[in-house]
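Residue numbers (this note's numbering): -6 to 217.
We treat Cβ as the ideally placed atom computed from N, Cα and C, and that holds for glycine.
Fair warning: this is a prediction, and the values are worked out from it, not measured in the lab.
Below is one structure; the comments refer to it alone.
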Amino acid sequence: MNQMLWTADGGAAGSPARTAATRSLAAHTARLVVNLLTLLAVVALLGSILLVALVRQGPDGETSVLGHPLLEVASGSMTPTFDAGDLILDNPISLSAAEHLHRGQVITFRSSEFTQAGAPILITHRIHKVIPSPAPGGVRYQTKGDANNVVDAGLVAPAAIVGIYQGVRVPDGAYVLSALHQPTTFVILAVLLVVFLGAGEFRRRWRLLGPETESPARASGRRP
């Protein structure tokens, strides 16, 4: 004589009702995953568009966001204040304010000692010493990287300072910014968004064209 094993809720183990419940849970989980991936794609795509709209390139090759110098850290000379690959945001500074800085402040300046393709590069280091000078501006700054053992070659004039670092940084943000600036990344995000949205519409139409839902009596595994 065959015996049927019943579950606590009155359904038979391995019955169509239990199978349907398992499939429903799997479908619900799949929808959650697709919705999450769609949300991430939308956020990344909007972030990429926002960066293109807000980031500006100055005449001297400086990148800024709403007037604030935006810098990608290329070396570890300022570790542990910030690390290579970080993205930092400076406060802009006027020439008159640049003439009255003090030891310990972290500044970004155009370096006359280090150049790239003949143009000065931007360096962000800490003021190590303030040196009075008879030259225009009345002062020069000796700088040093926090992780360096020696001070920087040359002195920094107030006119060469483009900003002051106030602690705003995004760890590894330089890599993310670089990726978002690539046209390929923008295309991939757009394609993913279309695919995710299209997948949802495809599932909806498939359900409308699919077989009718089983009756409650049949789904429960019981005879009417």
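Looking at the structure shown, is residue i part of a helix, part of a strand, or coil, going by DSSP?
i           : result
residue 166 : helix
residue 220 : The question about residue 220 has no answer, for the chain in this structure spans -6 to 217.
residue 99  : strand
residue 21  : helix
residue 94  : coil
residue 89  : helix
residue 132 : strand
residue 152 : helix
residue 143 : coil
residue 70  : coil
residue 115 : strand
residue 59  : coil
residue 12  : helix
Applying the 10 Å Cβ sphere with the 16-neighbour rule, what's the burial state of residue i?
i           : result
residue 95  : exposed
residue 93  : exposed
residue 125 : exposed
residue 26  : exposed
residue 149 : buried
residue 17  : exposed
residue 165 : exposed
residue 91  : buried
residue 153 : buried
What's the C-alpha gap between residue i and residue j?
i           : j           : result
residue 12  : residue 33  : 32 Å
residue 110 : residue 170 : 23 Å
residue 123 : residue 81  : 24 Å
residue 103 : residue 168 : 23 Å
residue 20  : residue 120 : 60 Å
residue 86  : residue 157 : 7 Å
residue 67  : residue 29  : 33 Å
residue 76  : residue 84  : 19 Å
residue 128 : residue 160 : 31 Å
residue 98  : residue 147 : 18 Å
residue 74  : residue 177 : 33 Å
residue 136 : residue 36  : 40 Å
residue 155 : residue 134 : 14 Å
Please tell me whether residue i has its Cβ less than 9 Å away from any Cβ of chain C.
i          : result
residue 91 : Given the protein chain composition of this structure (a single chain), no chain C is represented.
On the premise that residue j lies in contact with residue i, defined as a C-beta separation below 8 Å, what is that separation, rounded to the nearest angstrom?
i           : j           : result
residue 100 : residue 108 : Wrong, their Cβ atoms sit about 19 Å apart, outside the cutoff.
residue 70  : residue 141 : 5 Å
residue 72  : residue 139 : 7 Å
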